[in-house]
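Residue numbers (the numbering used here): 34 to 278.
Even glycine gets a Cβ: it sits at the ideal position worked out from N, Cα and C.
Treat the numbers as computed from the prediction; the structure is a model and nothing was measured.
Each remark here refers to the structure printed beneath this line.
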């Protein structure tokens with residue numbers, strides 16, 4: 034939603050078209066650089082529009098996604114071979130995932146998970162505001178850098194394996210917050226659980242709906258996630274979802 038996935042895809046397109054990236058490590062590296070770029074841009078724009086206005090930040094993310102998407106398409110049109118390879122992957126699917134790719138990203142995903150769990154307590158205290166959290170010994174800038182690093186690692190790992198599947202993070206986080214509205218550490222655990230369930234459920238539907246063919250998982254999740262996002266925004270629940278500033 035904020036353009037981070039689109040940034041990761043754009044960087045990976047550069048790696049595919051100009052540098053012939055083929056290995057799982059190459060996918061992870063380039064998508065990681067793009068995710069970091071997207072996160073930094075979102076962070077900078079977030080400081081400009083204000084974190085208290087999440088809907089405006091979403092609009093900025095939509096514009097950023099469109100920009101990265103246009104640049105990616107421009108590069109792909111110049112390389113038909115990469116374009117054919119990229120088209121199905123860009124919709125998000127587990128069909129082309131391999132054990133090698135999974136084993137490659139596991140250490141980075143575990144590092145991101147441990148970092149996220151370590152940041153839960155500081156993030157919870159930061160909900161009181163930067164001034165109060167500093168009085169309790171929390172350094173907000175360091176915490177935000179840690180969150181940026183964890184988000185970058187998670188995005189890079191997911192895209193390296195399955196492509197840019199959207200709405201998984203949103204749906205998982207929203208459901209986790211419904212189950213546990215207060216304790217962030219519990220929300221993180223439930224988010225991981227719901228994320229796995231949503232992705233596996235989408236994969237089962239993708240394989241079953243139009244047998245013997247297979248839909249990309251990203252299509253299924255977009256059809257589910259987009260209406261849910263609209264309902265959440267209309268009900269005012271999106272602001273509470275972004276309560277940690």
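Notebook entry, point to check: In the structure shown, what three-state DSSP assignment does residue 112 receive?
Noted result: coil
Next item on the list: Answer yes or no: do residue 200 and residue 254 have a C-beta to C-beta separation smaller than 9 Å?
Entry: yes
Next item on the list: Return the first residue and the last residue of the alpha helix (DSSP H) that residue 129 is part of.
Entry: First-last for residue 129: undefined, no H or E at that position.
Checklist line | Reference residue 252, options 225, 266, 122, closest by Cα | finding: 122
Check: When DSSP labels each residue in this structure, what does residue 263 get in the three-state scheme?
Finding: helix
Check: Exposed or buried, which one is residue 56 when buried takes at least 16 other CB atoms within 10 Å?
Finding: exposed
Checklist line | Outcome for residue 92 when other beta-carbon atoms lying within 10 angstroms are tallied against a minimum of 16 | finding: exposed
Check: Should residue 147 go down as buried or exposed, given a rule of 16 or more other Cβ atoms within 10 Å for buried?
Finding: exposed
Notebook entry, point to check: Closest by CA to residue 69, which one among 52, 43, 169, 81?
Noted result: When only C-alpha atoms are compared, the closest one is 43.
Notebook entry, point to check: Can the beta-carbon of residue 150 be found less than 9 Å from the beta-carbon of residue 180?
Noted result: no
Check: How would you call residue 276, buried or exposed, if buried means at least 16 neighbouring beta carbons within 10 angstroms?
Finding: With a pLDDT of 49 at residue 276, under the threshold of 50, the modelled position of this residue cannot be trusted, and the question is left open.
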